[in-house]
Structure formats: C-alpha cells, structure tokens
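See below for the structure under consideration.
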Amino acid sequence: MTLSSASPRTAQQPVARDTGRSDRRKPRARRFGRGAGQTHQAGLFTYIVLIVAALLSLFPLYWTVVAASRTDTEIVQPPTPLLPGSHLFHNLNVAWNEVHMGDALVNSAIVATFITVSTVLFATLAGFAFAKLRFRGRNALLSLVVATMTIPPQLSVIPLFQMMAKLGWGDKLQSVILPSLVAAFGVFFMRQFLVEALPLELIEAARVDGAHSLRIVWHVVFPVARPAMAVLGMLVFVQAWNDFFWPFIALQQDNPTVQVALAGLGAGNHTTDHAIIITGALVATLPLLVVFAVLGKHIVGGITAGAVKS
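Each residue of the sequence shown is one higher than the last, beginning at 980 in this note's numbering.
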C-alpha cells in the first residue's frame, strides 16, 4: 500500500469552526432617539397652538372687563357684547361704595399674607423634619397629619366658633387667621419635595462644618426648598383670598374680607345688577394677578424642578 492510498481520515486536515455567528450579539435597542437632550426649535404649528391656548385662557378675564364696563341690560339681552363699554368707572364707583370694598381688600391682604407666611414657614420646617430627620414615631405622626386632610372643615365650625367667642375674637381678623396658620397639605407637599430635592450629604457636610440646626435650615433647607415654597405660597394665598365659608361666619359686613363683601354686593336691591357684581369680582381678582406676576418665575421653577436629574 502506497502513501497515496492512505485513509482519507488521516490525510484530511482539521476544519476550523466558524464561530463568527455565535460570538455575534444583537445590538441593544436604543432607549432614546438621536435627538434626545437636544434643543429643538418650535415650528409654525407650535406657535399657532400656543397662541390659541393663550387666547382661550385670557378670554374669561377679557369678558369680565367687558361686562364690568357695560350696564346690566346690555349684559342680559342678546347679543352678548364683545367690546368694552363706557360704564367701567361708574360701576367701579358703585361697587366700591355699596360695600366696604376698600376695607375688604385690606383685610383680605392681611389675612392672606399672614396665613401664607405662616403656612409656608411651618410646612417647610415640618416637611424637613419628616423628610430628613430620624425620630421615634415619625411615620405615625406623618400618617396622622395626612389623615386630617380627610376631615371636612364643616365639622369644626361649631367648636371653632365657640373657641373664638371665649377668646373674645368675634368679628376680628384673628378668628380667621388662627385656624389656618398651618395646613396638612402644605406639610405633605414640602415633605415630598424635600425627600428628592435635598441630598442628605448636604446636611451631613453642614454638620461636619459645625453648623447647628437653625443655621442648616436657613442656609441649606430654605435655598433648596425655595421653588416649592413659592408654589405652596401661591396656592395658600389664593385659597386664603378666596375663602368664604369661615370668614362669612366669623366676620360681619362692617369688617369683611373680599369674598364676604362680594356676597353683600347688591343684596339690598330688589333686582340683581350683574354688572356691579362682575365689577366687584374684577376688583377682587386683580391682587391675585399681581401675586402671580411676582411669584411666576419661582412657580415655573418649582414645577420644572426635578424634571431633569443628573
């Protein structure tokens, strides 16, 4: 037997395995598109939608100005007027003198300011304690605070009225301010914000530097919580300004808030003058617009806070 007749198995060279397919892995699907995180310019359609939304939002306020500048007959009879009239200053004069509108604006400003400052201060301190401090019974106390939000305020009217009568605060602004110095919603709101927005490392670093609790609150907690404090302050101010139920019970017409004064506007007439009532409502709305203009920048910052994380 010659070498050429050797067995094919011995002469055959080993074949290398093609491992290219086994090592090849499927590419992972991208979570975001290529344009994620980039700034895009708004198109014509976006501007049209925004303009239409702005006009629809401002139309009720515009029509309030139109109705306040018309007579009651022009408002009631069709067609509905869409352009301002010439009776605005007359209606303002009647609404201002028919009730104690000037005193009502001052009283509402005092009540709303005290309630707003007190609620924001105490809610921020309590929210910081519930969010970052460790103490016994923290979860139970937080649950109790949240549970008070489910109690209707009408249940506390009679004991609250008796308490104010014993204190001698009948028909005084203290009777409206004291029950609203702090709100459970504010505590829960600030607690939820500080849990995510305030790193524990900042507090520990301040304690290492020798800062006491009051200094930590002033220099660390308040700057971080400023956007949420502005949002909460706006919400509380609007609620205190628009509150009617308890001020109507605690105060009288000679010392009213704005909402109590509006309730008495046109009450002595046999017919209701809608133009005068709308004029009073317009006067009561202007301070809220001023507050929003002042706090608007912080409110937008509070809404967008936490939207982008590092």
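Cβ coordinates follow ideal geometry from the N, Cα and C atoms, glycine included.
Owing to the predicted nature of the structure, the values given are computational and were not obtained by experimental measurement.
Taking CB distances under 8 Å as the criterion, tell me whether residue i reaches chain B.
| i | result |
| --- | --- |
| residue 1122 | This model lacks chain B altogether, as it is built from one protein chain only. |
What does the alpha-carbon distance come out to for the pair residue i and residue j?
| i | j | result |
| --- | --- | --- |
| residue 1069 | residue 1250 | 18 Å |
| residue 1180 | residue 1161 | 29 Å |
| residue 1109 | residue 1099 | 15 Å |
| residue 1159 | residue 1104 | 16 Å |
According to the Cβ coordinates, are residue i and residue j closer than 8 Å?
| i | j | result |
| --- | --- | --- |
| residue 1155 | residue 1230 | yes |
| residue 1074 | residue 1255 | yes |
| residue 1263 | residue 1091 | no |
| residue 1166 | residue 1102 | yes |
| residue 1061 | residue 1048 | no |
| residue 1207 | residue 1172 | yes |
| residue 1234 | residue 1086 | yes |
| residue 1078 | residue 1228 | no |
Is residue i helix, strand or coil when you go by DSSP?
| i | result |
| --- | --- |
| residue 1234 | coil |
| residue 1226 | helix |
| residue 1186 | helix |
| residue 1212 | helix |
| residue 1151 | coil |
| residue 1260 | helix |
| residue 1178 | coil |
| residue 1020 | coil |
| residue 1081 | helix |
| residue 1051 | helix |
| residue 1106 | helix |
| residue 1116 | coil |
| residue 1243 | coil |
| residue 1161 | coil |
| residue 1137 | helix |
Below 7 Å CB to CB, which residues in the same chain sit around residue i once its five sequence neighbours on both sides are set aside?
| i | result |
| --- | --- |
| residue 1238 | 1221, 1222, 1223 and 1226 |
| residue 1044 | 1063 and 1261 |
| residue 1117 | 1109 |
| residue 1095 | 1212, 1215, 1216 and 1219 |
| residue 1002 | Note that residue 1002 has pLDDT 49, beneath the 50 cutoff, so the model's placement of it is unreliable and the number below is only indicative. Excluding positions up to five away in sequence, the list is empty. |
Please list, in chain order, all residues of the same chain as residue i whose beta carbon is under 6 Å from its beta carbon, the five residues on each side excluded.
| i | result |
| --- | --- |
| residue 1051 | 1252, 1253 and 1254 |
| residue 1148 | 1154 |
| residue 1174 | 1110 |
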